[in-house]
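Numbering (my numbering), first residue to last: 619 to 923.
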């Protein structure tokens with residue numbers, strides 16, 4: 619074999635052993651640094667979360683341990699008086715959230731289906747742009763917008779239904795974006811296989827696409843509910859607080875947990891402060907229950923091959 623035909627490290631694309639070991643060491647160091655930074659960021663985010671949850675649980679847990687908290691309202695209870703419950707606020711929060719979801723979920727899901735499955739051209743870009751704007755709209759702006767229409771234009775009195783309308787504005791963008799992303803993750807092969815069998819597009823969406831993306835859609839709905847259940851500004855504008863139980867969505871004042879917290883927080887007396895922490899813990903537990911329920915539903919609703 620001639621010298622010109624002898625293999626060299628350059629012709630074979632290999633590197634010197636020392637250079638290869640140096641690259642591996644640098645990669646290991648970079649991997650360790652990245653891992654340390656990720657864990658540090660995780661720990662930094664975890665500290666305030668544990669702090670908040672611990673404070674709410676420690677200061678409000680004794681209120682929830684009393685059975686009266688779950689059976690009585692605050693009717694006739696003053697800031698100086700110990701006792702009373704939160705059933706009126708819990709009931710109002712659930713009713714307003716349910717009405718909001720009934721309106722917002724179909725709007726959000728159908729909008730996402732249009733954007734992913736049907737929409738083309740300028741209309742899609744316009745709808746997507748409007749959803750982006752609604753995503754960042756402040757809650758007080760949504761409340762003022764509905765107030766201007768509900769009270770200023772039509773002359774109606776403030777009511778819980780008007781609160782739900784303002785919360786719909788806040789919930790729809792979350793449902794649209796989460797549903798849109800889940801629909802995009804559905805493999806096109808599933809759609810094409812359904813079309814090849816002669817199944818219409820609307821039925822493919824109903825029987826194939828939506829069941830496949832169901833768990834993600836449920837998660838988006840729960841995220842939207844988690845946001846609106848803690849909103850306060852629209853409630854202060856459109857749904858003033860009451861200490862008694864009220865279920866009429868179209869007249870009168872309906873209590874919620876956020877407005878109950880806002881009502882008692884201005885009092886410097888210990889009974890009112892205890893009720894603030896108790897209502898805060900109740901709201902946290904309700905949102906946690908919604909998330910756990912969504913995980914259970916999504917787990918047993920996945921499409922199995």
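Even glycine gets a Cβ: it sits at the ideal position worked out from N, Cα and C.
Reduced DSSP category for residue i - H, G, I as helix; E, B as strand; rest coil
{"i": "residue 681", "result": "helix"}
{"i": "residue 777", "result": "coil"}
{"i": "residue 847", "result": "helix"}
{"i": "residue 619", "result": "Bear in mind that a pLDDT of 47 at residue 619, under 50, signals an unreliable position, so the number given afterwards is only what the model happens to contain. DSSP places residue 619 in coil when its eight states are reduced to three."}
{"i": "residue 833", "result": "helix"}
{"i": "residue 689", "result": "coil"}
{"i": "residue 628", "result": "Confidence in residue 628 is poor, its pLDDT being 49 and thus under 50, which makes the residue's placement unreliable; the coordinate value appears in the next sentence. Here residue 628 sits in coil by DSSP."}
{"i": "residue 868", "result": "coil"}
{"i": "residue 791", "result": "helix"}
{"i": "residue 893", "result": "helix"}
{"i": "residue 695", "result": "coil"}
{"i": "residue 887", "result": "coil"}
{"i": "residue 572", "result": "In this structure the chain extends from 619 to 923, so residue 572 is not present and cannot be described."}
{"i": "residue 700", "result": "coil"}
{"i": "residue 912", "result": "helix"}
{"i": "residue 737", "result": "coil"}
{"i": "residue 672", "result": "helix"}
{"i": "residue 923", "result": "Low confidence applies to residue 923: its pLDDT is 44, below 50, so where it sits in the model is not reliable enough to give any reading."}
{"i": "residue 772", "result": "coil"}
{"i": "residue 661", "result": "helix"}
{"i": "residue 917", "result": "helix"}
{"i": "residue 842", "result": "helix"}
Range of the contiguous alpha helix (DSSP H) that encloses residue i
{"i": "residue 861", "result": "From DSSP, residue 861 is part of no alpha helix (DSSP H); its letter is neither H nor E."}
{"i": "residue 748", "result": "740–753"}
{"i": "residue 709", "result": "705–731"}
{"i": "residue 765", "result": "757–765"}
{"i": "residue 813", "result": "806–814"}
{"i": "residue 878", "result": "875–883"}
{"i": "residue 821", "result": "819–822"}
Candidates the options: closest to residue i by CA position
{"i": "residue 842", "options": "718, 694 and 814", "result": "718"}
{"i": "residue 748", "options": "736, 729 and 738", "result": "729"}
{"i": "residue 791", "options": "890, 760, 659 and 804", "result": "760"}
{"i": "residue 903", "options": "773, 736, 875 and 880", "result": "875"}
{"i": "residue 775", "options": "858, 696 and 671", "result": "858"}
{"i": "residue 755", "options": "819, 642, 786 and 772", "result": "786"}
{"i": "residue 678", "options": "725, 893, 726 and 846", "result": "893"}
{"i": "residue 694", "options": "917, 869, 863 and 883", "result": "863"}
{"i": "residue 907", "options": "847, 884 and 889", "result": "847"}
{"i": "residue 691", "options": "824, 702, 684 and 853", "result": "702"}
{"i": "residue 788", "options": "764, 773, 752 and 911", "result": "752"}
{"i": "residue 607", "options": "885, 772 and 913", "result": "Nothing can be reported for residue 607, as the shown portion of the chain is limited to 619 through 923."}
{"i": "residue 865", "options": "773, 778 and 670", "result": "778"}
{"i": "residue 883", "options": "697, 671 and 824", "result": "697"}
{"i": "residue 736", "options": "823, 665 and 910", "result": "823"}
Residue j beta carbon less than 8 Å from that of residue i
{"i": "residue 757", "j": "residue 849", "result": "yes"}
{"i": "residue 896", "j": "residue 682", "result": "yes"}
{"i": "residue 784", "j": "residue 828", "result": "no"}
{"i": "residue 716", "j": "residue 878", "result": "no"}
{"i": "residue 798", "j": "residue 840", "result": "no"}
{"i": "residue 801", "j": "residue 766", "result": "no"}
{"i": "residue 900", "j": "residue 708", "result": "yes"}
{"i": "residue 844", "j": "residue 860", "result": "no"}
{"i": "residue 826", "j": "residue 808", "result": "yes"}
{"i": "residue 770", "j": "residue 796", "result": "no"}
{"i": "residue 793", "j": "residue 744", "result": "no"}
{"i": "residue 836", "j": "residue 915", "result": "yes"}
{"i": "residue 854", "j": "residue 880", "result": "yes"}
{"i": "residue 898", "j": "residue 674", "result": "yes"}
Cβ of residue i within 8 Å of any chain D Cβ
{"i": "residue 734", "result": "In summary, chain D is missing from the structure at hand, where a single protein chain is found."}
Residue i CB to nearest heavy atom of the ligand ATP below 7 Å
{"i": "residue 804", "result": "Ligands in the displayed structure: none, and consequently the ligand ATP is not present."}
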